[in-house]
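This report refers to the structure that appears directly beneath it.
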Amino acid sequence: MAAKEVVDAVTMKRALTRITYEIIERNRGIDNLVLVGIKTRGIYIAQRIAERLKQLEGVEVPVGELDITLYRDDKKTEDDPEIHSSDIPTAIDGKEVILIDDVLFTGRTIRAALDAIMDIGRPKRISLAVLVDRGHRELPIRADFVGKNIPTALSEEIIVEMEESDGSDRIMINKEND
């Protein structure tokens, strides 16, 4: 497989800034907002958006971490899956929750995240922000906020690298050699 960089660090930062502005505009402020990042890179994206919201609006938006391992319907191979804890630092009942993930593909991760959120509380509304939408949905799920649309073949893989876990910010497509 040959990986090709399609988004560099500067472009990724611009995409996250654009998402941040769209969140402010669509929510008419951020007072009732809670960001919930889906482990692992969704958490880093949520933290970056929260930091940008603080810079722009002067308000600290709570950021939660969501582990969806037990809610997956497409990962049933392990008898004892490794469970990480979810940590949402505020009640979400009646709040505007924005689920955040790195890549939207089939929609199954988001479906699992919706189930997990509903077990935690009853938000007023749930929106979805993703850094990359690559297409190929299997479920009727779409993102409200998208950093980049990157059409892919089913045989390709999107790889998001983030400074916090990978040492650099970039997005690559991994293409299989025929």
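Heads up: the sequence shown at position 117 corresponds to 117 in full-length UniProt numbering, and the numbers run straight through without jumps. Virtual Cβ for every residue (Gly too), placed ideally from N, Cα, C.
Q. Using the beta-carbon count (16 or more within 10 Å), is T90 buried or exposed?
A. Within the sequence shown, residue 90 is the residue found at index 90, counting from 1. Flag for T90 reads exposed.
Q: Please work out which residues of its chain come closer than 6 Å, Cβ to Cβ, to R72, disregarding the five sequence neighbours upstream and downstream, and give them in chain order.
A: Residue numbering aside, residue 72 sits at position 72 when the sequence shown is read from its first letter. Answer for R72: A112, listed in chain order.
Q | Whether K43 touches A129 by CB criterion (7 Å) | A | Counting from one through the sequence shown, the residue named residue 43 turns up at place 43. Counting from one through the sequence shown, the residue named residue 129 turns up at place 129. For the sequence presented, residue 43 should be read as Ile rather than Lys. No, the Cβ-Cβ distance between I43 and A129 is not below 7 Å.
Q. In the UniProt domain "Phosphoribosyltransferase" (4 to 151), which residue ranges form an unbroken alpha helix (DSSP H) of at least 4 residues, counting only runs that do not cross its ends?
A. 9 to 27, 41 to 57, 108 to 120
Q.
Here's the rule: buried if 16 or more other CB atoms are within 10 angstroms of the residue's CB, otherwise exposed. What is R142?
A. As a working mapping, residue 142 is identified with position 142 in the sequence shown. So R142 ends up on the exposed side.
Q) Which first and last residues belong to the alpha helix (DSSP H) in which E163 is found? A) For the purposes of this step, residue 163 is identified with residue 163 of the sequence shown, where counting begins at 1. Segment 163 to 166, the alpha helix (DSSP H) holding E163.
Q: Would you check if the region 117 to 125 and the region 139 to 158 touch, i.e. whether three or more CB-CB distances between them fall below 8 Å?
A: no
Q: Leaving aside the five residues before and after E157 along the sequence, list all residues of the same chain whose C-beta is less than 6 Å from its C-beta, in chain order.
A: Within the sequence shown, numbered from 1, the residue matching residue 157 stands at position 157. Contacts found: N174.
Q | Secondary structure of E156, DSSP reduced to three states | A | In the sequence shown, the residue the question calls residue 156 occupies position 156. Reduced to three states, the DSSP call for E156 is coil.
(Q) Please return the same chain residues whose Cβ sits closer than 6 Å to the Cβ of P62, not counting the five positions on each side in sequence. (A) As a first step, residue 62 must be located in the sequence shown, where it is residue number 62. Same-chain partners within the cutoff: V34, P89, T90.
Q | Residue from D166, M162, E176 with nearest C-alpha to L16 | A | For this step, residue 16 is matched to residue 16 along the sequence shown. Among D166, M162, E176, the Cα nearest to that of L16 belongs to M162.
Q | Contact check, V36 vs G64, beta carbons under 7 Å | A | Position 36 of the sequence shown, counted from the start, is the residue given in the question as residue 36. Position 64 of the sequence shown, counted from the start, is the residue given in the question as residue 64. Cβ atoms of V36 and G64: closer than 7 Å.
**Q.** Contact test: E157 Cβ vs the ligand HEM heavy atom, cutoff 6 Å
**A.** Within the structure as shown, the ligand HEM is missing, as the structure has no ligands at all.
Q) Straight-line CA distance for Y21 to S85? A) Residue numbering aside, residue 21 sits at position 21 when the sequence shown is read from its first letter. Residue numbering aside, residue 85 sits at position 85 when the sequence shown is read from its first letter. Approximately 30 Å, taken between the alpha carbons.
Q) Which residue from A9, A2, I49 puts its Cα closest to that of D101? A) Taking the sequence shown and counting its residues from 1, the one referred to as residue 101 is at position 101. Selected option, being the one with the closest Cα: I49.
**Q.** Buried versus exposed call for D169 [16 or more other C-beta atoms within 10 Å across all chains shown]
**A.** Counting from 1 along the sequence shown, the entry for residue 169 is found at position 169. By the neighbour-count rule (16 or more Cβ atoms within 10 Å), D169 is buried.
(Q) So the candidates are G107, V146, D133; which of them puts its Cα closest to the Cα of P140? (A) Your numbering for residue 140 matches position 140 in the sequence shown. Of the candidates G107, V146, D133, the one whose C-alpha sits nearest the C-alpha of P140 is G107.
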